[in-house]
Amino acid sequence: LKFVVDPAEECIERLSSYPGPIKLAMIQFPTPYRYTEEREDVEASVAQGYNAQLPEDSESGCFMVTEKLLRLIQEVLSRKEDGKLLVQSNCEDVAVRMKNIAETRAGFQSLEFTNSV
């Protein structure tokens with residue numbers, strides 16, 4: 108067992124030279140977005156230190172899951188036909204956004220489940 112301390116994209120790039128099969132990649136609970144519904148409240152909460160570290164959206168450059176990361180994962184998983192990507196989030200907007208990027212920009216297909224857990 109080894110632990111890797113690397114930015115996610117660099118770690119996945121290193122896996123491209125791994126000789127064995129990689130069947131599963133998991134992205135669990137990435138950073139949620141900053142709450143921005145009412146601008147005055149956001150500025151006040153950021154001034155107090157709340158949500159200051161959170162990205163405003165997935166395009167701001169600070170979000171953990173990027174299009175590049177998902178494409179790199181797709182490349183590594185596509186070496187085996189049955190490679191899977193599991194995405195989990197406790198924030199629905201984050202989960203929906205990651206699913207959309209994975210499907211529309213990185214070549215993943217969703218599996219639909221009729222019985223949710």
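In case it helps, the working numbering puts the sequence shown at residues 108 to 224.
Think of the CB as a built atom: it goes at the ideal place given N, C-alpha and C, for glycine as much as any other residue.
Where residue 108 is concerned, there is no enclosing alpha helix (DSSP H), because DSSP gives it neither an H nor an E. Following the DSSP letters along the chain, one finds residue 194 in no alpha helix (DSSP H) but inside the beta strand (DSSP E) bounded by residues 191 to 195. C-alpha of residue 119 to C-alpha of residue 132: approximately 10 Å in a straight line.
Apart from the 5 residues on each side of it in sequence, residue 210 sits with its Cβ closer than 8 Å to the Cβ of 216, 217 in its chain, given in chain order. Taking all protein chains in view, the Cβ of residue 176 is crowded by 16 or more other Cβ atoms within 10 Å, so the residue is classified as buried. Within the DSSP secondary-structure output, residue 134 pairs in a beta bridge with 194.
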